[in-house]
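So the structure is just underneath, and the comments pick up after that.
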Ligand code: AMP
Ligand code: MG
């Protein structure tokens with residue numbers, strides 16, 4: 001019998017539970033691929049090393065290496081590659097099963113939903129609006145939950161989880177209103193008191209998320225949330241792609257435009273285009289499906305912030 005003790009807890013798998021977990025994960029990934037294939041999106045290979053990566057809107061430890069004369073960042077997200085690829089291709093959109101390294105601070109250990117290496121399905125739709133993307137993701141989530149319910153009911157039962165299929169459209173809230181009502185912990189409060197998926201719009205974020213031209217200091221973006229306290233599922237937004245706007249926003253954040261020279265040159269030459277997209281964390285989706293409070297309990301080789309990794 002194979003036994004794997006996760007680093008987060010003393011929860012152990014016997015082989016029945018491990019195979020059930022991996023079967024559900026396999027069907028989850030298959031359903032996502034099938035959905036995106038049906039929508040005629042094309043898949044990019046993941047990028048692990050790049051001179052630039054997502055600056056993120058929270059602080060993590062540096063994860064860069066030097067090779068030859070060049071410094072490379074380990075991928076935090078492929079946002080810039082997505083924008084360049086959308087600009088260089090045709091068709092409705094692109095996606096990547098994208099491994100990300102984010103050396104999260106040790107305090108994240110308590111959240112139950114943070115790994116320092118994880119994967120997201122990172123999607124970008126050409127010319128799409130917020131509404132288009134939200135609609136698209138609601139369909140993807142619903143199709144995948146239905147698929148798992150059909151294919152893996154015995155395996156899901158082993159984890160004593162019940163899969164409720166949500167109905168469209170998911171409810172929509174505004175981050176400014178929620179913060180005013182509930183304080184800084186509004187996301188966890190909302191998720192813990194909800195029994196259905198919901199969206200929160202209008203987050204102050206990185207320079208590539210589109211600024212609302214009609215409401216200064218506001219962004220045309222969104223996060224998707226799980227119910228029952230499982231918190232954030234996805235972040236995304238419409239994108240800014242025009243050179244002048246991107247340059248101004250980079251400078252406003254005291255970031256060095258030089259670092260983004262290749263990306264900014266493409267923008268200047270009109271090679272970026274309008275899009276909307278977002279990334280759905282895959283481990284977090286599986287954690288929600290199995291209703292495990294610790295993300296480490298659904299990973300074969302978990303990387304929990306602040307915990308020693310054995311393999
Ligand atoms: P972000 O655009 O930074 O919100 O990342 C996209 C998605 O990836 C998030 O909505 C989460 O589902 C997932 N994600 C982000 N950071 C982590 C992490 N440290 N551990 C596990 N999943 C994560
Ligand atoms: Mg996020």
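In full-length UniProt numbering, the protein residues as written are 1 to 311. Beta carbons are placed, not taken as given, at the ideal position from N, Cα and C, and that holds for glycine.
- Annotation for residue 113 indicates a beta carbon within 8 Å of some heavy atom of the ligand AMP.
- In terms of Cα proximity to residue 210, the closest of 222, 199 and 26 is 222.
- In the displayed model, residue 254 falls within coil according to three-state DSSP, outside both helix and strand.
- By alpha-carbon distance to residue 115, the top candidate from 296, 310 and 300 is 296.
- For residue 89, the closest C-alpha among the options 227, 126 and 38 is that of 126.
- Taking 9 Å as the cut-off, the Cβ atoms of residue 207 and residue 246 count as close.
- Exclusion of the five residues before and after residue 232 leaves 187, 223 and 225 as the residues of its chain whose Cβ lies within less than 7 Å of its Cβ.
- About 6 Å separates the CB atoms of residue 72 and residue 50; that is less than 8 Å, so the two are in contact.
- For secondary structure counted as the beta strand (DSSP E) over 3 or more consecutive residues, the stretch 267-294 holds these complete runs in sequence order: 275-281.
- When the alpha-carbon of residue 38 is set against those of 84, 23, 143 and 197, the nearest one is in 143.
- Annotation for residue 100 indicates a beta carbon within 8 Å of some heavy atom of the ligand AMP.
- About 5 Å separates the beta carbons of residue 236 and residue 277, which is inside the 8 Å limit, making them a contact pair.
- In terms of Cα proximity to residue 84, the closest of 239, 16, 74 and 133 is 239.
- In this structure, the alpha-carbon of residue 55 lies about 11 Å from that of residue 102.
- Set against 8 Å, the gap from the CB of residue 15 to the closest heavy atom of the ligand MG is not smaller.
- The shortest CA-to-CA distance from residue 286 to any of 268, 118 and 201 is the one to 118.
- In this structure, residue 305 and residue 27 do not form a Cβ contact; the two beta carbons are roughly 29 Å apart against a cut-off of 8 Å.
- Within the same chain, no residue comes within 6 Å of residue 300 by CB-CB distance, once the 5 residues on both sides are set aside.
- Judged by their CB atoms, residue 289 and residue 148 are nearer to each other than the 9 Å cut-off.
- Measuring C-alpha to C-alpha distances from residue 155 to each of 199, 23 and 36 identifies 23 as the nearest.
- Shown here for residue 31: same chain residues with a beta carbon closer than 8 Å to its own, the five before and five after excluded, namely 143, 144, 147 and 148 in chain order.
- Residues whose Cβ lies closer than 7 Å to any heavy atom of the ligand MG, listed in chain order: 223, 232 and 235.
- From the listed residues 33, 121 and 112, the smallest Cα separation to residue 47 is found for 121.
- Look at residue 109 here: in three-state DSSP terms it is helix.
- At the C-beta level, residue 307 and residue 109 come within 9 Å of one another.
- Spanning the alpha carbons of residue 254 and residue 177 requires a straight line of approximately 28 Å.
- Distance from the Cα of residue 195 is smallest, within the candidate group 34, 58, 152 and 291, for 291.
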